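Reading through the structure tokens given below for one structure.
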Amino acid sequence: MLPIDAAARELEISVPTLKRWRRLGCPCVPGRRGRGHAALYDVAAIRAWRAAHGREALALELGTVLPGMLAEAVFDAWRELEGPTKREKAGPMALALYACATAALDHLRAENASVPQFRAPFPEHFEYLRKIAAG
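Under my numbering, the first residue of the sequence shown is numbered 23, with each subsequent residue one higher.
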């Protein structure tokens with residue numbers, strides 16, 4: 023357990039950054055009021071907290087961009103198809119996209135409950151495949 027200045031040095035960050043992290047939920051042992059009773063910080067616990075916090079943020083970021091990326095990739099694959107059954111394959115490809123996006127988002131939601139569901143408004147390419155399949 024270290025005082026804030028020593029913990030910040032150990033973590034190679036500034037004291038204001040460590041104070042900001044504390045407001046965001048960084049683990050520490052709060053001190054009492056008065057001189058010599060400052061909060062103490064466990065560097066290993068802070069590193070673990072940061073690693074977990076980073077995974078949550080990454081899960082949320084992926085959850086917001088992944089459906090569109092998958093939709094674009096599936097649409098590009100559909101565009102490469104040739105032949106008389108191309109229109110018939112739009113429906114199954116849209117269904118596969120929906121299943122993949124839903125499974126990926128469910129997995130990310132286990133890390134961060136804020137990851138959105140795959141629902142309307144759907145990515146443009148997904149809607150396009152659905153319309154083609156509907157005729």
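Glycine included, every Cβ here is placed at the ideal spot set by N, Cα and C. Everything numeric in this text was worked out from a predicted model, so none of it was measured.
Just the C-alpha distance for L127 and E146, rounded to the nearest angstrom, thanks.
-> L127 and E146: Cα-Cα distance of roughly 18 Å.
Buried or exposed: where does P114 fall if 16 or more other Cβ atoms within 10 Å of its Cβ makes it buried?
-> A residue is called buried once 16 or more other Cβ atoms fall within 10 Å of its Cβ, and P114, having fewer, is exposed.
Identity of the residue in K108, E110 and R141 nearest A125 by Cα = Taking only the C-alpha atoms, the option nearest A125 is R141.
Sort T107, F148 and L84 by Cα distance to L130 and report the nearest one.
-> The residue with the shortest Cα to Cα distance from L130 is L84.
Mind checking whether the beta-carbon of K41 lies closer than 7 Å to any heavy atom of the ligand MN?
-> Looking for the ligand MN in the displayed structure turns up nothing, as the structure carries no ligands at all.
Assuming A95 and A155 form a contact by the criterion Cβ under 8 Å, report the distance between their Cβ atoms to the nearest whole angstrom.
-> Beta-carbon to beta-carbon, A95 and A155 are separated by about 18 Å, too far to satisfy the 8 Å threshold.
Inter-stretch contact at 8 Å, needing at least 3 Cβ pairs: the segment 101-110 / the segment 38-50 | Touching, no, given that fewer than three Cβ pairs across the two stretches are closer than 8 Å.
Using a threshold of 8 Å, state whether the C-beta atoms of A116 and R152 are closer than that.
-> Yes, these two residues count as a Cβ contact at 8 Å.
Work out the CA separation of L40 and F144 for me, nearest whole Å.
-> About 40 Å.
Rounded separation between A81 and W71 - CA only | C-alpha of A81 to C-alpha of W71: approximately 15 Å in a straight line.
Note the first and the last residue of the continuous alpha helix (DSSP H) segment covering E32.
-> Where E32 is concerned, the enclosing alpha helix (DSSP H) stretches over I26 to L33.
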